[in-house]
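Here the structure is laid out as structure tokens; the discussion comes afterwards.
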Amino acid sequence: MALIRYTPSRDMETLQRQMNRLFDDIFAPTWDREVKALSTVPAAELSETNEAILLKLEVPGMKPEDLDIQVTKEAVYISGERKQETVSEDKGVTRTEFRYGKFERAIALPALVNNTNVSAEYKDGILHLTLPKAEEEKNKVVKVSLG
């Protein structure tokens, strides 16, 4: 059985951030919620293994060179711009539900990572980041001798 170090302060900080987001959404004016719904911020999926944090971001239709990814030991910051194609005069667009424009997103990580060893892959409109955990965050099993 592996021993896991419990850090209540980190859990409390995560809970506080989640509560702040919840209250921001509940008490935001109606028009603000509608604007947020139309924003271009990519959806994210975060999972964790013993060795790494895996982050996937939905960024369809974007080129890798239009994305800026910065990683600290505690968070991932991603920004970019989804550019609208130029339309020739003979081909007009009657209606579009595509979202264009700049976006920024900061994602707090559940554990400290080794930000100098991050790997990234962009495939089928999904950005995959593998963020190796910092050594102190890995579940190390230490043999304890008695006497």
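Here the sequence shown stands for residues 62 to 208, numbered as in our numbering. Just so you know, even glycine gets a beta-carbon here, dropped at the ideal spot from N, CA and C.
Taking just the CA atoms, how far does residue j sit from residue i?
i, j, result
"P171", "G141", "24 Å"
"A136", "V120", "19 Å"
"E196", "Y138", "22 Å"
"V174", "S206", "31 Å"
"R71", "Y161", "36 Å"
"E126", "E109", "27 Å"
"M80", "M73", "10 Å"
"T68", "R78", "16 Å"
"K184", "T75", "30 Å"
"N134", "F159", "Asn is not the amino acid found at residue 134; the sequence shown has Lys there. One C-alpha to the other measures close to 34 Å."
"R166", "G122", "18 Å"
"P186", "E146", "With the sequence shown as reference, residue 186 is identified as Gly, and Pro is not the correct amino acid for it. Their Cα atoms are separated by approximately 17 Å."
"K204", "R66", "15 Å"
Below 6 Å CB to CB, which residues in the same chain sit around residue i once its five sequence neighbours on both sides are set aside?
i, result
"K163", "E142"
"L128", "G141"
Anyone know if the C-beta pair for residue i and residue j falls short of 7 Å?
i, j, result
"L107", "L190", "no"
"A113", "K194", "yes"
"L188", "L83", "no"
Taking residue i as the reference, which of the options has the closest Cα?
i, options, result
"N111", "S70, L192, N178", "L192"
"I168", "V205, P103, D72, F88", "P103"
"N176", "E126, A105, R78, I130", "I130"
"V179", "V132, K144, I187", "V132"
If we define contact as Cβ-Cβ less than 7 Å, is residue i a contact residue for chain B?
i, result
"L192", "Any reference to chain B falls outside this structure, which holds one protein chain only."
Under 6 Å: does the beta carbon of residue i sit that close to some heavy atom of the ligand HEM?
i, result
"T191", "With respect to the ligand HEM, the structure offers nothing, as it holds no ligand at all."
Continuous alpha helix (DSSP H) assignments of at least 4 residues falling wholly in the stretch 164 to 206: Segments of the alpha helix (DSSP H) lying fully in the stretch 164 to 206: there are none.
Contiguous beta strand (DSSP E) assignments of at least 3 residues, all confined to the stretch 68 to 140: If we require 3 residues or more, the beta strand (DSSP E) runs fully inside the stretch 68 to 140 come out as 105 to 109, 113 to 119, 128 to 132.
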